[in-house]
Amino acid sequence: MPREHYLNATYGIRSWLLTTDHKRIAMLYLVSVTFFFFIGGAFATMIRIHLLTPTGLLVTPETYNKLFTMHGVAMIFFFLIPSIPAVLGNFLLPIMIGAKDLAFPKINLLSWYIYLIGGGFVLYSFSTGGLDTGWTFYTPLSSVYSNSAVTPAVIGVFINGFSSILTGLNFIVTVHTMRAPGMTWFRMPLFVWAQYATSIIFILGTPVIAITLLLAGMERMFHLGFFNPALGGDPILFQHLFWFYSHPAVYIMILPAMGVISEIIPTFARKPIFGYSFIAASSIAIAVIGFFVWAHHMFLTGQSTYSALAFSLLSYLVAIPSAVKVFNWTSTLYKGSISYDTPMLYALGFIGLFLIGGLTGLFLACLGLDIHIHDTYFVVAHFHYIMVGGAVMGYVGGLHFWWPKITGKLYPEFLARVAAVILFIGFNLTFFPQFLLGYLGMPRRYSSYPPEFQVLNVMSTAGASILALGYLLPMIYLTWSMRYGKVAGRNPWPATGLEWQTDSPPPTENFDVTPEVTWEPYDYENRPDLGLAIEGAPTHAHGDD
Amino acid sequence: MVYITLISLFFGVAITAAIVYFFFKYRRTHPEQLGVPIHGDMRLETAWIVVPALLAMTMFAWGAVVYVDYRRAPVDTLDIYVIGKQWMWKAQQPTGLKEINELHVPVGRDVKLILASEDVIHDFSVPAFRVKMDVVPGHYNTMWFRPTKVGRYHFFCSQYCGTNHSLMGGWVTVMEPTDYAAWLSGASEGNENPVLAGEKLFADKACITCHLSDGRGRAPSLNGVYGAKVLLADGSTVTADEGYIRESILEPKAKIVAGYQPLMPSFQGQMTEEQILNLTAYIKSLQSQPVPATGSGIAPATGKK
Amino acid sequence: MSEHQSEHHIVSPAIYSVIFGVLMICTILTVVAAEIDLNQYFGGLNIIVALTIAVFKASLVVLFFMHAKYSPKRTQMVIVASIFWLGIMLFMTMSDYVTRLWS
Amino acid sequence: MHRTGELFGQYKTLEQQRETASLGMWIFLSTEVLFFGGMFMTYTLNRSTYPDIFSEASKTINLWLGAVNTVVLIASSLTMAMAVWSSQVGKKKLLTVFLVATLVLGCVFLGIKSVEYHEKYVEHHIPGWNYQFEPGADVSTNAHTQLFFSLYFAMTGLHALHMIVGAGLLLWLIRQSIRGRFTPEYNTPVENIGLYWHFVDIVWIFLFPLLYLIDRH
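Sequences listed follow chains A, B, C and D, in order.
Under my numbering, the residue at position 225 of the first sequence is numbered 225, and the numbers go up by one with no gaps.
To convert, take the position in the second sequence, counting from 1, and add 545; that gives my numbering.
To convert, take the position in the third sequence, counting from 1, and add 850; that gives my numbering.
To convert, take the position in the fourth sequence, counting from 1, and add 953; that gives my numbering.
In C-alpha cells, the structure reads:
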C-alpha cells in the first residue's frame, strides 16, 4: 500500500466534514446512504412480518400505511437515487477520466450537506408520527386529507432534490471540461456514460418534482389551491408533474447500475465489451426516451384514450435500448475468459433479475393488461426487480468491484460469493411470489388481505428474511476487511480503466502525473502493462472454435 | 397475455440459458488467460434492435385494442352509480336502491359504473372481471364489464386512499336476471328513485324556471340532451355525457351552449355528489318524447340512446 | 482538455442600448395590445400576441444580454435542451387534457 | 479562503476554469427553467380550464404597477449587462456604479411588488385566508379565482425570492468590486451572476403577460 493516500492525508473530524476531495465526499455519502438503507430496510422487515397473516400481525392499518410510506421515501429518495451516483460515481468519475477532482468540489460538498438537511427533515417527520401518504404524495390525500407529518417530509424531499441537481450538474460539467489528454468521448468507460445519462435526468427532471412538491406543500400549509378539487383544481395534474420526474427517476436508479455492470463484465471476461458504442448510446437513449413515458403510471386515472395510446407506444420504445444492453452484455461473455469472482456473480445476477424486471415491464406497458395488474402486487414485484434486483445488485456488485480501490484492501472472497448467492436466492423468493399475488388481484398497500393470498405472502416473508441476512453479511465483512483485509495492490483483477492505474487507495490528487490516454476502452489485447498472457500463451482455451 | 408471457418466457429463458452456458463453457482455465477480442457486430446489433421493436409493436397493438374497447362503453348498458369516500363504497341501482360495500348485477348484461369520489382518489377494482378504474374527485370516470358467471366476487379499492384503504372493499354479486329483478323489487321498498329525486331537485333548485322543456326558456331545453352533440358558443361541439352534465351544473360558465347567455349560477358546494347523481339521472331520463320513469325492473328509463 | 473555445466575445454598449430600446417598445406594444379586444378578429389572438411578444423579448435577452449568440455550441445546446424539455412537459401533459373531449 | 483570480487545483488553465464555471451556470439555469416550468404547467392547465374566471381575476391586479415593474426590471438587466461589459474592458469604477444601479433597480422592483401584495391583502385576495373575491361572488367564482391568486402568489413569490437571492449576490459582487477584484482576465462571478439576473428578468417577461395581460380588455 502507498504510504500516503486520500484516507490518511489529513486527520481529524474537521478534515472530513470540510473536505472537498471527491473521494472523501463519496465516503461521507457511503456512510449516510447506508444509514438510510438500514432505516428503509427496517421498515421493509416490519412490513413483511406484518403481512404474514391475512389480518395483519404486527401493527394497526394506520401504522402499516406509515411503514410502507416511510420505507418508500427512505429507500427511493435517500438511498436508491444517491447510492451509485453519489458514492461510486463521486469516487470514480474524476479518476476514470483522469481528472484531479470534480469541476466544483465545494458544490460537491454542499450537495452532501443539502442531502443531510433534507434527510434531517425526513427523519424529523418519521420521528414525529411519520407520514401515511405513500411515497407518491398523491393529492388531495397529501395536501388536504392526511393528518400525518406530511409537511416536514415534503420539505425534506424538496431540499434533497437540490442535492441531486448539484451532483448532476457537477458530473456533466466535469465530463465536458475535465477529461485528461487523449480521453476522447468514445474512450470513456461506460460507467461514465451511464453517469452522464443519469445526470441529464438529475438536472432536467429533479427541478420538476421540487416545484411539484413545493406546490403541494403550499397547498397543505397555506391552503392555496393548485390541485385541490374543492377549488376546481385537478389532482391528476399533480400526478402528471410527479411522474414527469419520478418515472425518469427509475432510470436514475437503474442507469448507473447498468454502468457498473458494463465495467464488471468485460473485466471478468477479459475481453472488450461487445458493441461499446451501442451500450453508450443506449444509456443516452434511455435517459431521453425515459422522459416521454411517464403517464403510463396513469392509464386508469381517466386519462384521454389517445394520450394513453401514445404513452403506451413510447413505453415500449424505451424497452429497446434496455434490451440492446442485455444482448450486448450476454454477447460479451461469448468466448471470454470468465472468472467466478464476486463482482461477476453480482453482474450476472443483475442481468437475470433485470431481465425479469424488464420483461414484466412489457406486461405493464400493455394497455389492456395494465387494467388488470395496475396497482397490484405485480407492480410491486416489477419495480423491486428493477430497483432491488437491478439497482441494489449493481450497487453492491460495484462496491465489491471497487472496494480494493476505495480501501486498498481485499474482502474475503469466499464469504462474498456465499453472500452473493444468498442475496440472489432470497431476492427471488421474496419478490417472485408477488408477481403471482398481483396477477391474482391483491392490491398494493394493503395492511390486510383476503385469506386466499396467505401462502404466497408467507413465502415472500420467508424470502425477505434470507434477503436481510444477505445484506448483513457484506456490511460485516466489508467493514472487517477495511482493517484486516489483504492488501490489494493497484490492479487486483486486473482491469483496464484509468482508476486502476493509480495507487489503491488513490492519492488525494488521484494521479501523481496527469495521465495521457492512448488506449481504447477495455482493450485487453493491447495492454501489455496488465501483465496478462499476450504472446506465447493461448489467448483462449477454445481459441479455435 | 399469453402472447406476452410466451415472448417474455422465450427471451427470459433464452438469455438466461445463454448466460449460464457461456458462464461454464468459457470459464477461465488459466490465471493469465485473455478472452477473444470481439468488438461487436453491426448485423447482430441491427437484428436485436429491429426484432424486439417489431415484437413490442405487436404487444402494443393488442393491448391498445383491448384498452380502447374498455374505455368506450357499449350502448344500452345498465348504469349504476358508485361513490367512493373514505373508506366505503356506496352504489346506487337504477331504481334508487342503495347498497354499501355491495354491488348486485345481472349476469350477461353490459354494466356501466359511473364513478365519483367525495374526497380523495380511490380506485374501483374487480380482479375477477379484470377491470378497475380510478375514482377521482372533481370528475366522473366510467368503467364497464359484462359479468358472465353467477357468483360472488371481491372488489377492492386499488388506489391508496388513507388509513383504512385495505378495508375499503366488498363483494360483487352476479345474479340471474330474474333473481336480480326479484332482488331489486324485494329490496327497493322505501328507496328513493334517483330520477324522481332528481326531478324534485330540478324543481327545488329552480332549474325548471329557465330550462323549459319547450326550448323557449332562458336556458336550453334539456329534453334529449343526454348523448346528443351540443353546439357551443365558441363553435365547438361536445357530446353531452355524464361528465358534461356534471360540469354544467358545477361550472355553468365553462361551456356555454350556442345562442344562450351565461346566466346560470354555479351549484358548486351546494349539492352532494349523490344529489348531483340524482339530478344527472333525471336529466338523462328526459328524452325528446318524455318517457315516464318507471323506476322498477331491469329495463331502466335511463341510458337508452 | 476538451473542445477549445474561441476568444471571449465582448458585446458593445451600443448593442445593449439598442436591445434595451427594442425591449421597451415591445413592453409598450404588449400593454397596448392587451387593452384591445383582438379576440373578436380571431379566437385567442390576445394570448398569441402577448406570448409572441414575450418570446421575442426573452430571445433578445438570451441572445444579447446573456451573450448566447456568441457562446460556445455547448452552451447553446444547454439552452435548446432546457426549452425542449419544458416543451415535453407542456405538450405531453396538455395532449392528455385536450384529447379527452375527442370522442 | 481563496483569493479571486486564483487558479484552483483541479483545473489546468484559467481558460478551462472560466469555461467550466460558465457551463455550470448555464446548466443551473436550465434546471431553473424546469423548476419554473412546473408552475407554468399548472398555470396553463388551470387557465385553459377556467379562461373566463382567470380573466376576471387578472383584471383585479394592478396593470400599471406590473408594467412599471417590467420596465424597471428590464432596465436593471441593461445595467447588469453594462456591468459585465465594464468588467470585460477593465473599467473598475464603472463596474461598481452599474452594479449599484442594478441593485437599486432590483430593490425598486421588490418595493413595487410589496405595494401590489399589500393591495391584494386589503382586497381580501389572499387565497386560503379571509378570501373573498367580490362581494356576492358565487361559490365557484370564489373557488376558481383562488386558483388564480394561488398561482399569482406562488409564481410572483418565487420570482421575488429569486430577486432577493440575486440582490444578496449583487451585494457580494459590489463589495468585491469596490476592492478592485475584477479584471478583464478574471470576471467570472460578474458574468455568472449577470446570467442569473437576466434569467430572473426573463421569468418576469413571461409572468407579466400571463398574469396581468391576457384577456384583460
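Idealized CB from N, CA, C, for every residue including glycine.
From a predicted model like this one, the values you see are computed outputs, not experimental measurements.
- With a cut-off of 8 angstroms on Cβ pairs, the stretch 118-131 of chain A is not in contact with the stretch 435-448 of chain A, counting fewer than three such pairs.
- The contact set of Y138(A) on chain B, defined by CB atoms closer than 7 angstroms, consists of I666 in chain order.
- Taking C-alpha positions only, F674(B) is separated from P692(B) by approximately 7 angstroms.
- At least one beta carbon of chain C lies nearer than 8 angstroms to the beta carbon of S304(A).
- Ranked by Cα distance from G182(A), the first of P515(A), A365(A), N228(A) is P515(A).
- Sequence-distant Cβ neighbours of P682(B) in its own chain, meaning closer than 6 angstroms and more than five residues away, are S662.
- Taking 8 angstroms as the threshold, the shortest C-beta distance from S1093(D) to chain B falls below it.
- 8 angstroms or more divides the Cβ of G470(A) from the Cβ of S1103(D).
- Taking each of G743(B), P765(B), G715(B) in turn and checking the Cα distance to E644(B), the smallest one comes out for G715(B).
- About 6 angstroms separates the CB atoms of L998(D) and D234(A); that is less than 8 angstroms, so the two are in contact.
- Flagged as an interface residue toward chain D: V208(A), by a C-beta distance shorter than 8 angstroms.
- According to the DSSP secondary-structure assignment, Y6(A) is paired through a beta bridge with no residue.
- Out of V905(C), T877(C), A883(C), A904(C), the CA that lies nearest to the CA of N896(C) is found in A883(C).
- CA-CA distance, G937(C) to I203(A), rounds to 16 angstroms.
- Proximity of chain C to I1158(D) at the Cβ level (cut-off 8 angstroms) is accounted for by A904, K907, A908, V911, in chain order.
- Contacts with chain C at 8 angstroms (Cβ-Cβ) do not include V1143(D).
- Shown here, C755(B) sits in coil according to DSSP, grouped into three states, outside any helix or strand.
- Distance from the CA of Y245(A) to the CA of P321(A), rounded to the nearest whole angstrom, comes to 20 angstroms.
- In the structure shown, L204(A) adopts helical secondary structure according to DSSP, grouped into three states.
- As the crow flies, the alpha-carbon of P739(B) is around 12 angstroms from that of E818(B).
- Chain order gives the chain A residues near R573(B) as S337, I338, S339, where near means a beta carbon separation below 7 angstroms.
- Taking the beta carbon of Y1003(D) as reference, the chain A residues within 7 angstroms of it are G232, listed in sequence order.
- Chain A places no beta carbon closer than 8 angstroms to that of H1077(D), leaving this residue out of the contacts.
- In the DSSP annotation of this structure, L532(A) is not part of any alpha helix (DSSP H), being labelled neither H nor E.
- In the same chain as L237(A), and ignoring 5 residues on each side of it, the C-beta atoms closer than 8 angstroms to its own belong to F226, F227, in chain order.
- For R1169(D), the C-beta contacts it makes with chain C under 9 angstroms involve A884, E885, N896, in order along the chain.
- When the Cα atoms are used, T151(A) and V122(A) turn out to be separated by approximately 9 angstroms.
- Counting C-beta pairs with one atom in each stretch, the stretch 619-637 of chain B and the stretch 386-395 of chain A have fewer than three that are closer than 8 angstroms, which means they do not touch.
- With respect to the C-alpha of L1031(D), the residue from V1092(D), L1056(D), S1001(D), K1045(D) having the closest C-alpha is L1056(D).
- Comparing alpha-carbon positions, the option among T177(A), D375(A), A287(A) lying closest to I200(A) turns out to be A287(A).
- Taking the beta carbon of A931(C) as reference, the chain D residues within 8 angstroms of it are S983, listed in sequence order.
- DSSP places N1083(D) outside both helix and strand once states are collapsed to three, so it counts as coil.
- For H1151(D), the three-state secondary structure derived from DSSP is helix.
- Closest option to T1094(D), judged by alpha-carbon separation, among Y1003(D), F989(D), T966(D): Y1003(D).
- When the beta-carbon positions are compared, G275(A) and E590(B) come within less than 8 angstroms of each other.
- For L1111(D), the closest of S1008(D), V1092(D), V1156(D), W1038(D) by C-alpha to C-alpha distance is V1156(D).
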